[in-house]
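Okay, so here's the structure we're looking at.
Protein chains: 2
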Amino acid sequence: MKIESAADTLSALAHGGRLAIFRLLVKAGPAGLAAGDIARKLDTQPNTMSAQLLVLSNAGLIRARRDGRSIIYTADFPRMTSLLKFLTEDCCNGRPEICAPLSAAAAQNCTPKKGNCR
Amino acid sequence: MKIESAADTLSALAHGGRLAIFRLLVKAGPAGLAAGDIARKLDTQPNTMSAQLLVLSNAGLIRARRDGRSIIYTADFPRMTSLLKFLTEDCCNGRPEICAPLSAAAAQNCTPKKGNCR
DNA sequence: ACAACTATTCACGTATTATTGAAATATCCA
DNA sequence: TGGATATTTCAATAATACGTGAATAGTTGT
Chain X
356 MKIESAADTL
366 SALAHGGRLA
376 IFRLLVKAGP
386 AGLAAGDIAR
396 KLDTQPNTMS
406 AQLLVLSNAG
416 LIRARRDGRS
426 IIYTADFPRM
436 TSLLKFLTED
446 CCNGRPEICA
456 PLSAAAAQNC
466 TPKKGNCR
Chain Y
356 MKIESAADTL
366 SALAHGGRLA
376 IFRLLVKAGP
386 AGLAAGDIAR
396 KLDTQPNTMS
406 AQLLVLSNAG
416 LIRARRDGRS
426 IIYTADFPRM
436 TSLLKFLTED
446 CCNGRPEICA
456 PLSAAAAQNC
466 TPKKGNCR
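Residue numbers (the numbering used here), protein chains in the order written: chain X, 356 to 473; chain Y, 356 to 473.
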């Protein structure tokens, strides 16, 4: 990932409301959530929500698909992975202090050993 | 880390120039770099640089100390670690697909096994 | 004290972003 | 077709962010 692309992606997440949306969609997984559901859960007006979803969508962090009258949004996992890789590689290239503890935490959270990853 | 704090920190990094500054400081390590050196390396005017450094500083991502007439900036590693932890824990709580590959990459980059981390 | 150097602060114009009411589009069902 | 539902688009406003010239503050050496 290029630095300007990373900055754009970070911009999309640099907003409390949008970060909350993204978090919700990550938890929802591939099934995703309808725009209206997200708006209700986060207590946001439909048009405001639509604008926020557009920003995340333009950044490539989420994807949209129509299902009947609803539009279902899902988190784009590879995009998030590549952002995190950019940030961690950035760090590790210079100093390991930043991502060494992260690596440990990630390993603990993400390895399928203990079954804490669905 | 709280979500609003994470959004603020992401805001500071959501800017090509500031992301470049932070990257430079990470690579510089604890020795840090003087404001003027950063400005020259990134071809930015001193007052613009000062404003960008202030944003990063307010976000807690960098620290300043005076050394003679220069002001030396250093990356705040723990702050970056906690941001990355927020992002990855966020992801892992729901789905491991995002940070599983990250975890592997981080482990490869950061473990002192191969000596590729100074 | 003075001049040179380093960096910040201030004030200002411009540009971008965020939110909202109102209107428009798309879908479903009767 | 017509009405209800779900979401987006448009237009306008308010708020925030960005970069810059000019002025200011701290430090060093003479």
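From the three backbone atoms N, C-alpha and C, an ideal C-beta is built for every residue, glycine too.
On the three-state DSSP scale, how would you describe residue i?
i, result
"threonine 429 of chain X", "strand"
"isoleucine 358 of chain X", "helix"
"isoleucine 417 of chain X", "strand"
"isoleucine 453 of chain X", "coil"
"isoleucine 376 of chain X", "helix"
Report the option in the options whose CA atom is closest to the CA atom of residue i.
i, options, result
"isoleucine 358 of chain X", "X/Glu452, X/Pro451, X/Leu439", "X/Leu439"
"glycine 387 of chain Y", "Y/Arg421, Y/Phe441, Y/Ser437", "Y/Arg421"
"alanine 424 of chain X", "X/Ser366, X/Lys382, X/Ala390, X/Ala362", "Before going on, a small fix: residue 424 of chain X reads as arginine here, not alanine. Comparing Cα positions, the closest option is X/Ala390."
"alanine 455 of chain X", "Y/Ile453, Y/Met435, Y/Pro451", "Y/Met435"
"glutamate 452 of chain Y", "X/Thr364, X/Lys382, X/Leu365, X/Ile426", "X/Lys382"
"proline 385 of chain X", "X/Leu409, X/Thr443, X/Leu442, X/Ala419", "X/Ala419"
"leucine 408 of chain Y", "Y/Thr443, Y/Ala367, Y/Ala362, Y/Arg395", "Y/Ala367"
"aspartate 392 of chain Y", "Y/Leu365, Y/Asp363, Y/Ile426", "Y/Ile426"
"aspartate 500 of chain Y", "Y/Arg395, Y/Val410, Y/Ala394", "The structure shown does not extend to residue 500 of chain Y, since chain Y is modelled only from 356 through 473, so no value can be given for it."
From the DSSP secondary-structure annotation, give me the bridge partner or partners of residue i.
i, result
"aspartate 363 of chain X", "Aspartate 363 of chain X pairs with nothing; no bridge assigned."
- Item | the stretch 375-391 of chain X in contact with the stretch 422-436 of chain X per 3-pair CB rule at 8 Å | Verdict: yes, contact present.
- Item | contact_flag[the stretch 392-412 of chain X, the stretch 361-374 of chain X] where n(CB pairs < 8 Å) is 3 or more | A contact exists between the stretch 392-412 of chain X and the stretch 361-374 of chain X.
- alpha helix (DSSP H) runs contained entirely in the stretch 388-412 of chain Y, provided each spans 4 or more residues: With a minimum length of 4 residues, the continuous alpha helix (DSSP H) runs that stay inside the stretch 388-412 of chain Y are 390-396.
- With a cut-off of 8 Å, do at least 3 Cβ pairs link the stretch 394-401 of chain X to the stretch 413-421 of chain X? Cβ pair count under 8 Å is below three, so no.
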